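Here the structure comes first, spelled out in structure tokens, and everything after it is commentary.
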Amino acid sequence: MINEQNQLTGYIHSVETGGTVDGPGVRYVVFLSGCPLRCQYCHNPDMMKMKRGTQKTIDDVWGDIAPYASFMKRAKGGITISGGEPLAQPDFTHELLKRAKAHGMHTALDTSGFLGEKATDELLDNVDLVLLDIKSGIPETYMQATGVSLVPTLNFALRLERLNKPMWIRFVLVPGLTDDPDNIERLAEFIKPLKAIERVDILPFHKMGEYKWKDMGMDYKLKDTHEPTLEEIERARAIFAKHGIETR
Ligand code: SF4
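Each number in my numbering corresponds to the 1-based position in the sequence shown with 429 added.
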């Protein structure tokens with residue numbers, strides 16, 4: 430978005446300067462606000478609406494990141510653009526990635542892939558790793574979990590495969606919602622032939638964001654859902670393993 434002074438701006442939810450879960454090494458993570466999905470288990474529902482974030486210019490945001498660039502490089506980390514959904518603000522995301530690459534930082538894009546068509550090839554040229562959340566293998570389950578179609582995400586994964594762009598797949602295991610063996614089976618079958626996938630993470634559902642739904646007056650549908658037991662996680666791992674896919 431361009432402001433009245435003709436500067437590129439973006440809506441920012443928050444940043445984290447020592448992230449260790451959103452890509453390799455220690456990372457500077459920028460969480461952009463705005464997301465077209467409505468995941469039942471979202472732990473940041475306050476990020477769904479873009480304008481709840483703070484509008485900042487690209488120079489301001491980059492100015493905060495730049496001093497960390499050499500430390501992140503030494504820590505074998507980099508920058509991750511996350512959200513919300515970073516591709517809801519493609520121009521801002523692209524410019525951040527471009528600046529980070531120009532400073533020699535490793536770059537990661539954390540996305541649901543639903544807006545994959547907004548990522549130009551030039552944007553992806555500035556991405557070293559895509560953290561792709563595939564929230565279900567069965568389209569109906571995906572729709573139930575997120576409120577949107579699975580097709581754009583799968584198409585984006587296939588495009589990344591054609592570009593040979595490294596991917597880490599992330600799958601949130603929610604008892605009673607995404608843990609049906611058939612759902613996991615379908616996801617495993619989809620990802621099995623994709624050679625650009627470097628790693629598959631099973632993320633156990635947790636309720637740490639439940640209070641935010643209440644604070645915002647939104648209906649939290651998973652209040653009676655339990656966090657997955659170790660046994661349930663192992664069961665999911667075993668289905669991926671049957672397809673030769675190691676999970677973390
Ligand atoms: S994609 Fe992420 S930010 Fe968007 S609703 Fe789902 S969990 Fe929340």
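A virtual CB, placed ideally from N, CA and C, is assigned to each residue, including glycine.
In this text, all values refer to a predicted model and were calculated from it rather than measured experimentally.
Beta-bridge pairing of residue i - partner residues as DSSP gives them
i, result
"M647", "Looking at the DSSP assignment, M647 forms no beta bridge with any residue, so it has no partner."
"Q386", "The displayed coordinates of the chain run from 430 to 677. Any statement about residue 386 would go beyond what the structure contains."
"I431", "L437"
"I626", "M596"
"G448", "R456"
"T676", "V629"
"V601", "L632"
Start and end residues, beta strand (DSSP E) containing residue i
i, result
"T536", "535-540"
"T509", "507-512"
"Y457", "456-461"
Simplified DSSP assignment, three categories, for residue i
i, result
"M596", "strand"
"P453", "coil"
"P657", "coil"
"I662", "helix"
"F669", "helix"
"T575", "helix"
"M476", "helix"
"L515", "Leu is not the amino acid found at residue 515; the sequence shown has Pro there. Looking at P515 - three-state DSSP - the assignment turns out to be helix."
"Y470", "coil"
"A548", "coil"
"K652", "coil"
"G638", "coil"
First through last residue of the alpha helix (DSSP H) which encompasses residue i
i, result
"V556", "From DSSP, V556 is part of no alpha helix (DSSP H); its letter is neither H nor E."
"K520", "Reading off the sequence, residue 520 comes out as Asp, not Lys. Looking at the DSSP string, the run of the alpha helix (DSSP H) that includes D520 is 519-531."
"I567", "No alpha helix (DSSP H) contains I567, which DSSP labels as neither H nor E."
"V682", "A question about residue 682 goes unanswered here, because the residues of the chain that appear run from 430 up to 677."
"P610", "610-620"
"A498", "498-503"
Cβ of residue i within 8 angstroms of any chain C Cβ
i, result
"C468", "No chain C is part of this structure, which consists of one protein chain only."
Meets three-Cβ-pair contact criterion under 8 angstroms: the segment 645-658 and the segment 460-477: The segment 645-658 makes contact with the segment 460-477: 3 or more CB pairs, one atom from each, lie closer than 8 angstroms.
Three-pair Cβ contact test at 8 angstroms for the segment 590-600 versus the segment 623-633: yes
Segment contact, 8 angstroms Cβ cut-off, at least three pairs: the segment 540-557 with the segment 482-495: The segment 540-557, when compared against the segment 482-495, does not touch it at the 8 angstroms Cβ threshold.
The segment 598-607 / the segment 561-577 touching (three or more Cβ pairs under 8 angstroms): yes
Segment contact flag, the segment 549-569 with the segment 603-617, C-beta cutoff 8 angstroms, min 3 pairs: Short answer: they touch.
The segment 471-485 / the segment 528-542 touching (three or more Cβ pairs under 8 angstroms): no
Stretch-stretch touch, CB-based, cutoff 8 angstroms, three pairs: the segment 529-536 with the segment 499-508: yes
Three-pair Cβ contact test at 8 angstroms for the segment 519-531 versus the segment 446-453: no
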